[in-house]
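Visitor:
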Amino acid sequence: MARTKKQSFQTPKGTFDILPSEQKYWEKVREVFKNVSMHYGFGRIDTPIFEDADLYEATVGETTDIIERQMYVFKSKGKDTLALRPEGTASIARSYVENGMINLSQPVKLSYIGPMFRYEQPQSGRYRQFHQVGFEILGDQDPVYDAQIINVFLKFCAQLGLKNLNVEVNSIGCKQCRASYRTQLLRYYKPRLRGVCADCKKRAKLNPLRLLDCKEEKCQPIKANAPSLVDNLCKECHDHFKLVLEFLDELAVPYSLNPHMVRGLDYYTKTVFEVFLEDEHLEGGSEKTHKKSKLAIGGGGRFDDLIKMVGGKSTPAVGAALGMERVIGVMKKQGIKVSDHSKPQVFLVQVGDLGKKKCVKLFDELSDAGLHVLESFGRNSLSSQLRIADKFGAKMALIIGQKEAIDGDVIMRDMESGAQENIPIEKIVKTIKERIKK
Ligand code: HAM
-11 MARTKKQSFQ TPKGTFDILP SEQKYWEKVR EVFKNVSMHY GFGRIDTPIF EDADLYEATV
49 GETTDIIERQ MYVFKSKGKD TLALRPEGTA SIARSYVENG MINLSQPVKL SYIGPMFRYE
109 QPQSGRYRQF HQVGFEILGD QDPVYDAQII NVFLKFCAQL GLKNLNVEVN SIGCKQCRAS
169 YRTQLLRYYK PRLRGVCADC KKRAKLNPLR LLDCKEEKCQ PIKANAPSLV DNLCKECHDH
229 FKLVLEFLDE LAVPYSLNPH MVRGLDYYTK TVFEVFLEDE HLEGGSEKTH KKSKLAIGGG
289 GRFDDLIKMV GGKSTPAVGA ALGMERVIGV MKKQGIKVSD HSKPQVFLVQ VGDLGKKKCV
349 KLFDELSDAG LHVLESFGRN SLSSQLRIAD KFGAKMALII GQKEAIDGDV IMRDMESGAQ
409 ENIPIEKIVK TIKERIKK
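Numbering (this note's numbering), first residue to last: -11 to 426.
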């Protein structure tokens, strides 16, 4: 079909450019990601941005929102059905099996950072391309690791300076306890099905546990009184959850129990959790009311059946992921200051042809010495170059005019105080490094 050619372009709906002025936040999150991964022994892994679409259908669950409505699925020229990854855990499980990680010392701890894709209705904190930071511990069923994942998550947030976070935890048990719970849940819902949304009617038939994941207003009162899974756990799951909570107490992690949390992906077993920012905002038209809203900045849980689902041996695992856009949104909202590494340490100012020649060479010497240098070689006026140095927040300016070039000097100017001194050009790299260190 012939398409009318567009004259102008915007980012596709639900996506955005990360401009230079925003990069300091992203850098900060990446820096904390590296720190936390290193301190808690997580090895970085990068998996492809697209995978076999079946990988997600087999693991995330056919009746979940992600699979039913949100996946970007496409046919490749070789006729493979591929999907842009909507989340990271299925790929981690696939990679664990494909790369024989079962033969490594267990547990295997992996962390990742990168873009994910979900076809969602864009709104604040919800995008079609978004980024996650994830931590997964594979190969150990000990409840200490469930608590460690939650702790790592909170350490991550603490290193970013985030406040007012609330961890909600629940256990959704294993296949065994879920089977009998499903019967109970259906017994409760059956006489109430008239009052629930169309999706819930479908959920009752296909995947009753998803009834607890419904966000529709009209389903909330019914959902609130539904029997809870945590009261129906088998002994093993009950004891496991009890220990998770005891470890969380030991680590002084503040949490609250949410017996109705099931999470939006089907691969979970036993512990599930989400981390929210408690946020008060104004709602309504002329009569505005303060309403507390909850924004999930991350979540996770145990997924003891997932590795088997992707063709591996039964291997317990637990993990979590947080949304970078949401975390950065909170950082901004809470006024968290982030140092801007893009600020130049030195700005070169040249006046006259000879000055410019000396500066071109000095630029390389300074950056070879590891300094962050900026210039505006296209300008000749001293004042306009100093103005730019100021705008970029440079610490020092080095000025070479005709006289300095002939004398073999450089004027070193402290941009904050305005103090200036002449330094011989052969000593300038050493001198400026010492000054910046101070
Ligand atoms: P999830 O809850 O689907 O879990 O996503 C984790 C986080 O990603 C969310 O809490 C949210 O911060 C962010 N997020 C999700 N969708 C969007 C969106 N459309 N726009 C912006 N941010 C979004 C998972 O993905 C699991 N793989 C987590 C996990 C790891 N479980 C075990 N290991």
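For each residue, glycine too, the CB sits at the ideal point set by N, CA and C.
This structure is a prediction, so every number in the text was calculated from the model and none was measured.
Which residues does DSSP list as the beta-bridge partners of Lys97?
Guide: In the DSSP output, where bridge partners are listed per residue, Lys97 has Ile125.
Visitor: On a CA-only basis, which of Ala308, Lys97, Gln136, Ile316 is nearest Phe235? Give me that one, please.
Guide: For the residues Ala308, Lys97, Gln136, Ile316, the minimum Cα distance to Phe235 belongs to Gln136.
Visitor: Which whole-angstrom value describes the C-beta separation of Gly300 and Ile90, a residue pair presumed to lie in contact below a C-beta threshold of 8 Å?
Guide: Indeed they touch by this definition, with Cβ atoms about 7 Å apart.
Visitor: Would you kindly work out how many angstroms separate the C-alpha atoms of Asp82 and Ile295, rounded to a whole number?
Guide: Residue 82 is actually Arg in this sequence, not Asp. Going by the C-alpha atoms only, they are around 7 Å apart.
Visitor: Please confirm whether any heavy atom of ligand 1 lies closer than 6 Å to the CB of Asp388.
Guide: It is worth fixing the name first, because residue 388 is Ile in this sequence and not Asp. The answer is no for Ile388.
Visitor: Roughly how many angstroms lie between the CA atoms of Pro242 and Tyr84, to the nearest whole one?
Guide: Cα-Cα distance, rounded: 32 Å.
Visitor: Could you tell me the distance, in whole angstroms, from the CA atom of His278 to the CA atom of Val298?
Guide: Bear in mind that a pLDDT of 45 at His278, under 50, signals an unreliable position, so the number given afterwards is only what the model happens to contain. Cα-Cα distance, rounded: 46 Å.
Visitor: Looking at Gly252: is its Cβ nearer than 7 Å to the Cβ of Thr52?
Guide: For Gly252 and Thr52, yes; Cβs fall inside 7 Å.
Visitor: Is it the case that the segment 342 to 350 contacts the segment 20 to 33, given that we only count it when at least three CB pairs across the two stretches are under 8 Å?
Guide: These segments do not touch.
Visitor: Run through DSSP, which three-state label would Thr277 get?
Guide: Its pLDDT being 44, under 50, Thr277 is placed unreliably by the model, and nothing is read from it.
Visitor: Kindly list the residues whose CB is nearer than 7 Å to the CB of Ala71, restricted to its own chain and excluding five residues on each side of it in sequence; keep chain order.
Guide: Within the same chain, Ala71 has close Cβ partners Phe38, Glu39, Ala41, Tyr44, Met59, Tyr60, Val61.
Visitor: What first and last residue would you give for the beta strand (DSSP E) that runs through Thr69?
Guide: That run of the beta strand (DSSP E) goes 69 to 72.
Visitor: Using beta-carbon positions only, say whether Gly2 and Pro110 come within less than 7 Å of one another.
Guide: Their beta carbons are under 7 Å apart, which means Gly2 touches Pro110 by this criterion.
Visitor: Got a sec, what are the start and stop residues for the alpha helix (DSSP H) Lys325 sits in?
Guide: Premise fails: Lys325 is in no alpha helix (DSSP H) and is neither H nor E.
Visitor: What are the boundary residues of the alpha helix (DSSP H) that Glu45 is part of?
Guide: Run containing Glu45: 41 to 47, per the alpha helix (DSSP H) assignment.
Visitor: Tell me which same chain residues have a C-beta within less than 8 Å of the C-beta of Pro247, skipping the five on either side of it?
Guide: The residues are Asn158, Ser216, Leu217, Val218, Asp219.
Visitor: Checking 7 Å against the spacing of the C-beta atoms, do Ile387 and Val337 come in under that value?
Guide: Going by C-beta atoms, Ile387 is nearer than 7 Å to Val337.
Visitor: Thinking C-beta only, is Leu153 closer than 7 Å to Val24?
Guide: Cβ distance not < 7 Å, so Val24 and Leu153 don't count as in contact.
Visitor: Between Ala186 and Ser330, what straight-line distance do the alpha-carbon atoms span, to the nearest angstrom?
Guide: Their Cα atoms are separated by approximately 51 Å.
Visitor: Between the C-alpha atoms of Lys321 and Ile285, what's the straight-line distance to the nearest angstrom?
Guide: So the alpha carbons of these two residues sit roughly 13 Å apart.
Visitor: Is the separation between the beta-carbon of Cys165 and that of Leu221 shorter than 7 Å?
Guide: Taking 7 Å as the Cβ cut-off, Cys165 and Leu221 qualify as a contacting pair.
Visitor: Out of Leu181, His226, Asp237, Asn87, which one is the CA nearest neighbour of Val155?
Guide: It is Asp237.
Visitor: For Pro196, which of Ala212, Val326, Tyr177, Lys206 has the nearest alpha-carbon?
Guide: For the residues Ala212, Val326, Tyr177, Lys206, the minimum Cα distance to Pro196 belongs to Tyr177.
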